[in-house]
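Comments concern the structure below.
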Amino acid sequence: SIFIPQKLFGEVTSPLYPKPYPNNFERTTVITVPQGYRVKLVFWQFNLEPSEGCFYDYVKISADKKNLGRFCGQLGSPLGNPPGKKEFMSRGNKMLLTFHTDFSNEENGTIMFYRGFLAYYQAVDLDECASQPNSVEEDPQPWCQHLCHNYIGGYFCSCHPGYKLQTDGHSCQAECSSELYTEPSGYISSLEYPKPYPPDLRCNYSIRVERGLTLHLKFLEPFEIDDHQQVHCPYDQLQVYANGKNIGEFCGTQRPPDLDSSSNAVDLLFFTDESGDSRGWKLHYTTEIIKCPQPKALDEFTIIQDLQPQYQFRDYFIATCKQGYQLMEGNKMLLSFTAVCQDDGTWHRAMPRCKIKDCGQPRSLPNGDFKYTTTKGVNTYQASIQYYCHEPYYKMLTRAESSESARGKYTCTAQGIWKNGQEGEKIPRCLPVCGKPVNPVEQTQR
Amino acid sequence: IIGGQRAQLGNFPWQAFTNIHGRGGGALLGDRWILTAAHTLYPKEHDSPNNATVDVFLGHTSVEEIMKLGNHPIRRVSIHPDYRQDESNNFEGDIALLELENSVALGPNLLPICLPDNETFYDNGLMGYVSGFGITAERIASNLRFVRLPVARREACENWLRGLKRKDVFSQSMFCAGDPSLKQDSCQGDSGGVFAVRDPNSDRWVATGIVSWGIGCSRGYGFYTKLLNYVDWIKKEMEEE
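Protein sequences, first through last, are from chains A and B.
Throughout the first sequence, residue numbering follows my numbering, covering 18 to 463 in sequence.
Throughout the second sequence, residue numbering follows my numbering, covering 39 to 279 in sequence.
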């Protein structure tokens, strides 16, 4: 036997190939590929002396202690038993190829020359996960107790949630003391569900989602935890905590009601005693974004821009006032107002109010005065006053293009300023009237 | 005021009573300016320093009452640049403005007079009124008086001066009023007051001149600063403030 060094591919030929092979020859070639692979072999050239049952010259293929065939003849010829295009596959990483020739190659007194064979082999990944375990194997491979994951050239095992892969890399032991779930939704169940859960469990399943989300739990059927007729959950218990606060302890066969935790952090503690064959529990958890109360204006002058049917975490709204009104937060005047929905479902600022703009007392007019054309003493938005000069000694000076009706008339604007349509904010001026004595000289005697 | 009569309250509400280097007059412009003659502030042939106090009174026809109403402090004095204090016979630029520290409240006894805007106010024979607290019948007046005088022909006034062999300057920035045949005239103490004309078109009283100088008083021409020539200067002085 000759051992070919471990390679991923190679070729095997008869001696002296492509020259005719010698007589009286036998050799076994051991083809080996790396662990985790199988051997695949095909013949590209095959030219041996044909014989009944390949008695004289032959190639024998075997692997995994099994004979895969004995071959002679020529490819494409019915004589003998040529291998054709057949692919020979091992189950392990070895294949044996035996080449045997007898003492002569003579046919009807004529010496025949046969060139032999050329075979190619390659390493093919062994899918350990698909193979069935065989207790009589020479080198028994322990398969995965729970989950098997194949890769080229190897495999590895993993365990179901709640179990921990042991150091042997194959077996799984219950371990559920710190299971963490962070996805927005998912399923959690007791170990082995719906098969009976193991005894002596101290499981802790924690759900932690982003703040601003609230968790909803929905238990599925079947729900089965050991219980007692008279005593509440003495053997096994499933306890549910939301933000550290206990919101329920469950056992028995009655599926718990749907739970709204009002929290983004839920813990499920599952304790089991040393015996029992209840099937356990399973729940589906989902999240919902926290919502804030619908904003409502406190008075008829406040406007909530783009009012939405619903507001949730991180949403905001802007409040403004109708024209002529001022945003107030308590006693403080605001230039603008925005409120943001917080992760606890409250607005970060209370709704403001709108107070009517007040222009204040009108400025006094030197050498003149003013009177209210609206309610006396009221200086709020849309109030109106009329300035006048002390005639006939003074006369109001206004722009040339200003109309008589608008002269001296000021209105409290939405900006909180007294304004005239032409003069703007500037109050008019009263200028002296010259050359108009009230009592001009008049002489009588002539 | 020679040959005139007592003014009533409200007849000449622009009349100011000044006491600077003696008694003088003035006229209210707007509500914080007093128009007067420069020589009341800087008299000619004045030896002592020009640091007299400027006392201005407004709002009455009685000297006693006008003083009781209180003086009006002056913020600024503005003398026309053409005025020459050192030239005794030259009253060119005899015009000044006094800016009051505080605006006055106008009323029936205190109103401003207007300024002229064309030459028709100086037409020969146009009648005007001169008012003042100056000498009357050789006595210092204790009440405001006024006299009505005609604007005279320039040539006549020139001839009259020449006849008196006077070398006084009678420039285009002056005009003359009165007549040698008339008793009526302004006199010492009236300087600074205005020659006022009633404009029939606008029904306004317009100050066309300032009582400036003359040769004695009565039976002669009086000479007045021609305000039309100084309106631009007045506006400029007022606008600067």
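Heads up, the beta-carbon is just placed ideally off N, CA and C, and yes, glycines get one too.
- For D217(B), DSSP records a beta bridge to G258(B).
- Chain B has a Cβ within less than 8 Å of the Cβ of C451(A).
- Using beta-carbon distances, D69(B) counts as an interface residue toward chain A, with a partner under 8 Å.
- Rounded to whole angstroms, E193(B) and K205(B) show a C-alpha spacing of 15 Å.
- Interface flag for Q46(B) against chain A is set, since a Cβ pair is found closer than 8 Å.
- Residues of the segment 402-413 of chain A with a C-beta less than 7 Å from any C-beta of chain B: Y410 and Y411, listed in chain order.
- Under a 10 Å Cβ-count criterion, Q343(A) is classified as buried, with 16 or more other Cβ atoms of the shown protein chains found around its own Cβ.
- Its Cα nearest to that of V168(B), the residue T246(B) stands out among P111(B), G201(B) and T246(B).
- Just measuring C-alpha positions, the residue of E291(A), D290(A), D275(A) and F287(A) sitting nearest T304(A) is D275(A).
- Residue environment analysis places Y204(A) among the exposed positions, since fewer than 16 neighbouring C-beta atoms fall within 10 angstroms of its C-beta.
- Taken through DSSP and simplified to helix, strand or coil, L265(B) comes out as helix.
- Inter-residue distance for A134(B) and G48(B) is about 24 Å (C-alpha atoms, whole angstroms).
- Per DSSP, the unbroken beta strand (DSSP E) holding K262(A) starts and ends at K262 to F267.
- The residues W52, L73, I151, V232 and A245, in chain order, have a CB closer than 6 Å to that of A65(B) in the same chain once the five nearest residues on each side in sequence are set aside.
- Judged by beta-carbon spacing, C214(B) lies beyond the 8 Å limit of A234(B), meaning their Cβ atoms are not closer than that value.
- For the options G170(A), V50(A) and T115(A), the alpha carbon positioned closest to that of D144(A) is the one of G170(A).
- Here W61(A) is exposed, its C-beta having fewer than 16 other C-beta atoms within 10 Å.
- The segment 443-450 of chain A and the segment 408-415 of chain A touch, with no fewer than 3 CB-CB distances between them shorter than 8 Å.
- If you compare the alpha carbons of T78(B), N162(B) and D93(B) with that of R122(B), the shortest gap goes to T78(B).
- With respect to chain A, the C-beta atom of V168(B) has no partner C-beta closer than 8 Å.
- The Cβ atoms of H301(A) and K212(A) do not sit closer than 8 Å to each other.
- For the segment 255-315 of chain A, the continuous beta strand (DSSP E) assignments of 3+ residues that do not extend past its boundaries occur at 262-267, 282-288 and 299-306, in sequence order.
- Counting only the Cα atoms, I434(A) lies some 7 Å from E442(A).
- Your pair E192(A) and G179(A) checks out as a contact, with CB atoms roughly 7 Å apart and the cut at 8 Å.
- Assignment of alpha helix (DSSP H) within the segment 42-108 of chain B, counting only whole runs of 4 or more residues, yields 101-106 in chain order.
- For V357(A), none of the residues of chain B pass the 8 Å Cβ criterion, the least Cβ distance being about 57 Å.
- For the segment 239-265 of chain B, the set of residues with a beta-carbon nearer than 9 Å to any beta-carbon of chain A comprises S240, D241, R242, W243, V244 and A245, in chain order.
- Taking the Cα of Y137(A) as reference, the smallest distance to any Cα among D375(A), D74(A) and T46(A) is reached at T46(A).
- DSSP, read as helix, strand or coil, puts W160(A) in coil.
- When the alpha-carbon of V226(A) is set against those of Q271(A), S278(A) and Q256(A), the nearest one is in S278(A).
- Relative to Q439(A), the option among K453(A), N110(A) and A423(A) whose CA is nearest is A423(A).
- Between the alpha carbons of I242(A) and T270(A) lies a distance of about 6 Å.
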